[in-house]
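All remarks here apply to the structure that follows.
Numbering (our numbering), first residue to last: 9 to 203.
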């Protein structure tokens, strides 16, 4: 049975899928562009949050052999998705065009496969080693990441708007560089305090 942590991860995944559906159904290019920014932003936030919060806990709870390999594999898949999204931002094609949507679908297909594997295997493996209080605390930290991960943190002039610059920086900034600020925001010293 999934803990609140597993449910939080799955909910984040479903938000991405719903935004993808909204993008496809959007009536024109401008609407597609707005939904696309939100879609990419949610992906960047989610994978970065996992890298900062969940990956270190994999090693803490599962050991350096299994947990380290799991975090490394996950990190490589995240990097590939972020790279694909960055390339989409740089692609000289219009959202809604066959070229753009084909590249987007490939990136989202890769992400979907990653998410399915994560939900079926990685998260349950980690959950088995956690107490319900630890899972609750991790889920709360993941939710708190949404208040930390705001456009103005990546583009000072963005305010609350997801600018192309904010999105580009969010997709290319190493999660390790954000970790210290993130933990200060949460009021904890690091991921080991969530266990």
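Beta carbons: idealized from backbone N, C-alpha and C, even for Gly.
Residue from the options whose Cα sits closest to the Cα of residue i
i, options, result
"residue 122", "81, 53, 175 and 137", "81"
"residue 41", "145, 191 and 112", "112"
"residue 188", "61, 33, 85 and 180", "61"
"residue 159", "90, 49, 194 and 14", "49"
"residue 47", "88, 136, 163 and 31", "31"
"residue 196", "152, 83, 179 and 181", "152"
"residue 28", "117, 144 and 162", "117"
"residue 21", "78, 73 and 55", "55"
"residue 25", "38, 72 and 44", "44"
"residue 176", "10, 161 and 190", "161"
"residue 51", "95, 71 and 23", "23"
"residue 178", "15, 77, 86 and 36", "86"
Boundaries (first-last residue) of the alpha helix (DSSP H) holding residue i
i, result
"residue 24", "12-33"
"residue 130", "Counting along the chain, residue 130 falls outside any alpha helix (DSSP H), and DSSP gives it neither H nor E."
"residue 83", "63-98"
"residue 102", "Per DSSP, residue 102 belongs to no alpha helix (DSSP H) and is neither H nor E."
"residue 166", "Unbroken run through residue 166: none, as it is neither H nor E."
"residue 48", "37-57"
"residue 197", "Run containing residue 197: none; DSSP gives neither H nor E here."
Residue i, buried or exposed, once every other Cβ within 10 Å from all chains shown has been counted against 16
i, result
"residue 170", "buried"
"residue 67", "buried"
"residue 128", "exposed"
"residue 185", "exposed"
"residue 154", "exposed"
"residue 174", "buried"
"residue 9", "Residue confidence is low: residue 9 scores 45 on pLDDT, short of 50, so the model does not pin down where it sits. Its coordinate-derived value is still stated next. By the neighbour-count rule (16 or more Cβ atoms within 10 Å), residue 9 is not buried but exposed."
"residue 19", "exposed"
heavy atom of the ligand ADP below 7 Å from residue i C-beta
i, result
"residue 55", "In the structure on display, the ligand ADP does not appear, and there are no ligands present to speak of."
| Unbroken beta strand (DSSP E) runs of length 3 or more, entirely within the region 119-159: which are they? | You should have found no qualifying run.
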